[in-house]
Structure formats: structure tokens, C-alpha cells
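Here is the structure we will look at, set down as C-alpha cells.
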Amino acid sequence: MKRLLLIVALLLVPAAARAEEPLRWWGELRIRGEALGGQFRPGLSPDAEGLFLRTIIGAEYDAGPLRIGGEIWDSRAYFYPRRSSVSTSEVNALEPVQLYIASDVSSRARLLLGRFTLDLGSRRLTARQIFRNTTNVFTGAQLDLKSKAGDALTLFWTLPDTRLPDDAQGLRDAGVVLDRARFNTQFFGGVLRTRAFGPGHVEVALFALDERDSPGLATRDRRLWTPELRYVAPPRAGKWDGELDLIWQGGKTRATTLDSDRTDVPVDAWTVHAELGHSFPAPWHPRLSASFDAASGGVGRVWRRFDPLFGAAEFDLSLSGLYALLRRDNLLSAEARLELKPNPAWDGYVLVRPLWLIEPRDAFGASGVIDTSGASGSFAGTQVDLRARHWIAQRHVRLAMGYSHLFKGRFLREAPNAPRTGDTRFGYVELTLTK
Numbered sequence: 003m004k005r006l007l008l009i010v011a012l013l014l015v016p017a018a019a020r021a022e023e024p025l026r027w028w029g030e031l032r033i034r035g036e037a038l039g040g041q042f043r044p045g046l047s048p049d050a051e052g053l054f055l056r057t058i059i060g061a062e063y064d065a066g067p068l069r070i071g072g073e074i075w076d077s078r079a080y081f082y083p084r085r086s087s088v089s090t091s092e093v094n095a096l097e098p099v100q101l102y103i104a105s106d107v108s109s110r111a112r113l114l115l116g117r118f119t120l121d122l123g124s125r126r127l128t129a130r131q132i133f134r135n136t137t138n139v140f141t142g143a144q145l146d147l148k149s150k151a152g153d154a155l156t157l158f159w160t161l162p163d164t165r166l167p168d169d170a171q172g173l174r175d176a177g178v179v180l181d182r183a184r185f186n187t188q189f190f191g192g193v194l195r196t197r198a199f200g201p202g203h204v205e206v207a208l209f210a211l212d213e214r215d216s217p218g219l220a221t222r223d224r225r226l227w228t229p230e231l232r233y234v235a236p237p238r239a240g241k242w243d244g245e246l247d248l249i250w251q252g253g254k255t256r257a258t259t260l261d262s263d264r265t266d267v268p269v270d271a272w273t274v275h276a277e278l279g280h281s282f283p284a285p286w287h288p289r290l291s292a293s294f295d296a297a298s299g300g301v302g303r304v305w306r307r308f309d310p311l312f313g314a315a316e317f318d319l320s321l322s323g324l325y326a327l328l329r330r331d332n333l334l335s336a337e338a339r340l341e342l343k344p345n346p347a348w349d350g351y352v353l354v355r356p357l358w359l360i361e362p363r364d365a366f367g368a369s370g371v372i373d374t375s376g377a378s379g380s381f382a383g384t385q386v387d388l389r390a391r392h393w394i395a396q397r398h399v400r401l402a403m404g405y406s407h408l409f410k411g412r413f414l415r416e417a418p419n420a421p422r423t424g425d426t427r428f429g430y431v432e433l434t435l436t437k
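So the sequence shown is numbered by this note's numbering: it starts at 3 and just counts up by one.
Structure below.
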């Protein structure tokens, strides 16, 4: 309790009283309650709830040619049942997620060294998490380049951190154990963003993951190459907007993490996102959009289950937390979404998304539900989402509420290991204090 009160005090003290240039501070305290009913994962409690806290404190000192920065995330979970989906996606106590040195090598080049988060391109393959309670952390180097014409290139080479502790008791105790980076797992690549092309721009990216077993960490020895081609025209009042994102994945992997598994399986997987929207010049600033998502699935002599690497899903598939159903593998889905912004303090959306499996003999999303015979069909159900957010104090205090309802389809009702729990309901309320 004393730690919580100290954090709140730090966030509420005016910035001028705490820091002056060249020292810059930032912080966030988020408190979120979640509840889920009609669990879709086999073997877990049919109902679950939890209280999730995330505290972020960061600072950067500008020393002229060098900038030195650091950031601590404290992510914790309370009051959740023992048979729940809570994992390192929700709990990572007192973790220094950033500790870096940055320098402007020239007017068009910036070098970053140390420990940092990555938020690149579409964010579907590597992202600094926003809704999720914890984030991915990388140790290595990042180089950002800009041309006179306005093109931008980001190159990076990193060692992804493994979040610790990752055992059930360690998570429940919120044990403070530093995450670990290993040279046996390397993540590298680049993203090129072109200058304006019509109403939007083009991005070309290549991500590579080279993973091997190391002491204390068994892996599937993934060696993946993932090229991406994306065109995006952002929303503008009274205009059409859209996005087309094409991603392919190749390389090799193993089917399990067992030491006895020495068989490399070739990878041939893909995912697609297409979206078209229109922002109307009307009160409440409505934007209506339709989107399509698909991702290959299936395992066997060729591995066709797409691997989303270190990306985020909540911004265009489903919320994380206790829900976290959808990810970019074995998915065929369409969505209709209406977004509203009545004034600068309020915003919200409502959407409808029917869901199918591309490969009915493979598992669906993060559900763990599978029918290897394919007899349960390919319709997983229909997801309906609602969200509303309100700035109580603009840029400093925000209240958010959301609800997801999964009307289960035949697959999630009839597959051999599907829980007979009825439709899934998920809701949350969160309060965020931001400096």
C-alpha cells in the first residue's frame, strides 16, 4: 500500500515541480478490473475475474550528444482463480523494461543501444503493448535513418527477453526476478517507410527470428523469415481511408519443445489484413469501416500455422487480458465497426466480427480447442465488442469500459475438448492516471 501511495503521489505532482529540462519524466498508473464468464479454454475455471495493476515510471536525461533513458514497469494481478489463463502476459513485477543510450549520429540518423521496447510498422509483428498488462522487451541496437525526400528506415538487431518468473507460484506471488536475454534467441530485421504515395504511404519490412534451446529454456527452434508489404491511408474527416497488409512466413521449426524432437519442419504460412473506412463530417465524428483478416493454419509435414512473433492483436482482433481469444493463425474473419467521438473527452466503438477456421483440423486461436477429425466444422462463432472511454481530466485521468460477447459457433460448442460453458462474456473497467 505504501508503494501504491508513493506512485500515485509521483503521478499527481506537477511536472514543473519534479523535473526541469534536460531531465524529462513520465509515468502511468492503470487499475483494471476484468471478469470473464463462459470460459472457452478447456481445463480452466468456467468463470474468472481479476484485478490488474500496471505502473510505469520512466525518465530520460538529455546530455547533449547523448540521451540516457530508463523505464520501469510493475505489472501485477490479484484475486484471480488458480485455474485461469493469467500468465507473464499479465504479471511482471518491477521490471526495468528500458535502459538505453541514444545519440543523433547525424541530422538524419539516430542510434539506440541497450534495453528497449520495439513498436514498428503495422505493430502486427512487433509492438509495445498498450492494452496488455506487460510488454515485450529487447536488448540490442536500433538505427533510425531518414532521407531528404521523407523516406524512413529502421534497422534493428536484438535479443528478446524471456519474462520471469513464469511458474504459477511465482506469478501469484508477483516475484521480482529480472527478465533474461539469451544469445540463443535473436530477433532482427528492418522496416522501410516511403514518403506519401497518394493519400497514404507504403511500408516494406523483413523480420527474422533465430531461436535455439538454451539452459533453462526449451524452444521449438524457430528459424523464421517474415517479409511484410503494407499500404495504409490514415483516416481523415470526410475522406475514405484504408489498409492492405500482406505478410508471408517461411523457414523451419520443430513441432514441440522436447529434447527428443530433432525434426525440422518447413514453414509456409501467411496472414492478410484488408480494411476500408470512411469518416463522415457529421456530429459525433462517425467512422464506419469494414475489414477482413485471414491467417493460415495447420501442422504436419509443412507447418502452416502463422507465428505472430512479438506483435499485438487487441487493436484489430480481440482484447487481451482474461479474454485474449484471437491471434493471427488459423483465422478467417470479417468485421463491421462503427467508431464515435462526440467530443474531445469521449470516444467509443461497437463492432461485429464473425469467425471461422481456415483449417478445421487445427486449433482455433488461443482457445486450445481442437478437433483433429474436422467433424466439428469451421464456424467458431461471432464476436461483438463495445468500448467507451472518457477523459475525466484531459491527458491525465481517463476512465474506460469495455465488453465482449462471443456467441459460440458449432466448433467451440461441439469439438471434443470444447468446454460446455455457453457463450463467453468478458467485461472490464479501468482507470488510468497519466503524467
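Note that the Cβ used here is the ideal one computed from N, Cα and C, for glycine as well.
Where the beta strand (DSSP E) through R307 begins and ends
Neither: R307 is in no beta strand (DSSP E) and is coded neither H nor E.
Which of helix, strand or coil does DSSP assign to E92?
coil
Straight-line CA distance for G45 to G123?
37 Å
Helix, strand or coil, according to DSSP, for P16 in the structure here?
At P16 the pLDDT is 41, less than 50, meaning the model places this residue with poor confidence and gives no usable figure here.
Could you check whether the stretch 276–296 touches the stretch 201–210, counting it as contact only if at least three pairs of C-beta atoms, one from each stretch, sit closer than 8 Å?
no
Taking the beta strand (DSSP E) that L433 falls in, what are its first and last residues?
T426 to T436
DSSP-derived helix/strand/coil call for A292:
strand
Tell me which residues share the same chain as A326 and place their Cβ nearer than 6 Å to its Cβ, disregarding the 5 neighbours each side in the sequence.
A368
For Q396, is the classification buried or exposed, using 16 other Cβ atoms within 10 angstroms of its Cβ as the cut-off for buried?
exposed
Cβ-Cβ distance between G411 and G383 below 7 Å:
yes
Per-residue DSSP class, three states only, for L414
helix
How would you label L53, buried or exposed, when you count the other beta carbons within 10 angstroms and need 16 or more for buried?
exposed
Nearest to H275 by CA position, among D318, G39, P67 and P285, is which residue?
D318
Element boundaries [beta strand (DSSP E), containing Q144]
F140 to K148
Given a cut-off of 7 Å on the beta-carbon distance, is the pair L278 and G244 in contact?
yes
Have a look at the DSSP bridge pairing and note the partners of H287.
Note: H287 sits in no beta bridge, so no partner.
Among T255, G200, P283 and D215, nearest to K241 - alpha-carbon criterion:
P283
Exposed unless 16 or more other CB atoms sit within 10 angstroms - verdict on F81:
exposed
Relative to the C-alpha of S87, which candidate in P162, D266, T156 and D169 has its C-alpha closest?
D169
Does the structure place the stretch 219–232 close enough to the stretch 246–253 that three or more beta carbon pairs sit under 8 Å?
yes
Who are the Cβ neighbours of G376 in its own chain at under 8 Å, not counting the five residues just before and after it?
P362 and R363
When the Cα of L401 is compared with those of T196, G35, A65 and R329, which residue comes out closest?
G35
Under the assumption that R232 contacts E205 (Cβ atoms under 8 Å), give the Cβ distance between them as a whole number of angstroms.
4 Å
Below 8 Å, how does it come out for the stretch 133–142 and the stretch 150–169: are there three or more Cβ pairs, yes or no?
yes
In the DSSP assignment, find the beta strand (DSSP E) that holds A170 and state where it starts and stops.
Segment A170 to D175 is the alpha helix (DSSP H) holding A170; no beta strand (DSSP E) there.
Which same chain residues end up closer than 6 Å to Y430 when comparing Cβ atoms and leaving out the 5 residues on each side of it in sequence?
R34, E36 and G404
Whole-Å CB distance - S406 paired with L328, under 8 Å assumed
S406 to L328, Cβ: 10 Å. No contact.
Just the Cα atoms here: how many angstroms apart are F428 and P356?
17 Å
Alpha carbons only, please: which of L25, V352 and W348 is nearest the one belonging to L290?
V352
Contact between the stretch 51–68 and the stretch 107–120 is defined here as three or more beta-carbon pairs at a separation below 8 Å; is this criterion met?
no
On the criterion of 16 or more Cβ atoms from any shown chain inside 10 Å, does D261 qualify as buried, or is it exposed?
exposed
If A154 sits next to R195, beta carbons under 8 Å apart, how far is it from one beta carbon to the other, in whole angstroms?
5 Å
Just the Cα atoms here: how many angstroms apart are S380 and D425?
17 Å
Is N419 helix, strand or coil by DSSP?
coil
According to DSSP, is N186 part of a helix, a strand, or is it coil?
coil
Under 7 Å Cβ to Cβ from V234, same chain only, skipping five residues before and after it: list those, please.
G202, H203 and E245
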